[in-house]
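Numbering (this note's numbering), first residue to last: 96 to 234. Reviewing the structure listed below.
See the structure below:
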């Protein structure tokens, strides 16, 4: 069995773009997945044996933090890497004095977020033909 080396580290916003696009908006140009406020966020990558497999962006404002664009490449989904990434940003957020973490969750992914104690709000919207709900967690 091959040794597994996992690490989570801060990365540049540009390093998130390929995975964001390939997982969330395949077929779209990289420009489509850039966020206007990417320069204001913290961006993290989970590397498996040196390969970037999961990304997320975190935006902290006062006592609230929003995470955006959590994505794991298809070949590595279902192995708990997104959960490890969320554990990392929850701890980081708590250390920064954040009391509420939230995200725009795709409706078909809400079960995943429920598992980490997030709850759905009544705020819903659609973008690019996909339905979203804002989910929150007090931390």
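Note that beta-carbon positions come from the ideal geometry of N, C-alpha and C, so glycine has one too. These figures come from a predicted structure and were not determined experimentally.
Check	Outcome
Please report how far the alpha carbon of residue 96 lies from the alpha carbon of residue 230, in whole angstroms.	Low per-residue confidence applies at residue 96: pLDDT is 46, beneath 50, and the placement is therefore not dependable enough to give any value.
Residue 148 and residue 137 - do their beta-carbons sit closer together than 8 Å?	no
Can you say whether residue 152 is buried or exposed, counting buried as having 16 or more other CB atoms within 10 angstroms of its CB?	buried
Take residue 222 as the anchor and find which of 233, 150, 127 and 205 has the nearest alpha-carbon.	127
Whole angstroms is fine: what's the gap from residue 199's alpha carbon to residue 190's?	23 Å
Do residue 106 and residue 179 count as a contact pair if the criterion is CB distance below 8 Å?	no
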